[in-house]
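Everything below concerns the one structure shown next.
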Amino acid sequence: MNSLLSQLLITLAQKEAAEKELHATVESLEILVAALISAMVPAQKEDVITTVETALDEMRENTDIAYTSDIDLLSANIARITAVAKRR
């Protein structure tokens with residue numbers, strides 16, 4: 003029983019470490035994308051943002067209802083990144 007509990011705790015710790023690593027990777031990519039968009043001239047910046055927003059709208063139209071919450075979450079994250087890029 004102790005061995006099973008120990009194994010479960012080890013597995014949980016490994017999954018938690020992997021989740022933290024994934025979160026750090028996503029955060030790094032968000033910063034990178036925001037910096038890249040910020041470095042663009044205003045016309046390019048607006049073109050990229052409009053293209054991304056159009057792609058999200060198309061995804062919403064062509065996706066099952068089961069995935070709308072995923073798309074909403076993705077949309078919120080993209081809006082946050084592009085808002086940062088627009089401010090710069």
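Counted the way our numbering counts, the sequence shown spans residues 3 to 90. Note that CB positions come from ideal geometry on N, CA and C, so glycine has one too. Bear in mind the structure is a predicted one, so any value in this text is a computation, not a measurement.
Alpha helix (DSSP H) segment containing residue i, residue limits
| i | result |
| --- | --- |
| T65 | From DSSP, T65 is part of no alpha helix (DSSP H); its letter is neither H nor E. |
| R90 | From DSSP, R90 is part of no alpha helix (DSSP H); its letter is neither H nor E. |
| Q19 | A quick correction: the sequence has Ala, not Gln, at residue 19. 4-40 is the extent of the alpha helix (DSSP H) around A19. |
Reduced DSSP secondary structure (H/G/I, E/B, other) of residue i
| i | result |
| --- | --- |
| V50 | helix |
Where residue i falls, given that 16 or more other Cβ within 10 Å makes a residue buried
| i | result |
| --- | --- |
| T65 | exposed |
| T84 | buried |
| I39 | buried |
| I67 | exposed |
| A36 | buried |
| I51 | buried |
| A87 | buried |
Below-8 Å beta-carbon distance, residue i vs any chain B residue
| i | result |
| --- | --- |
| T13 | No chain B appears in this structure, which consists of one protein chain only. |
Integer Cβ distance of residue i from residue j, believed to fall under 8 Å
| i | j | result |
| --- | --- | --- |
| L62 | T56 | Inspection of the sequence shows that residue 62 is occupied by Arg rather than by Leu. So it is not a contact: roughly 11 Å between Cβ atoms. |
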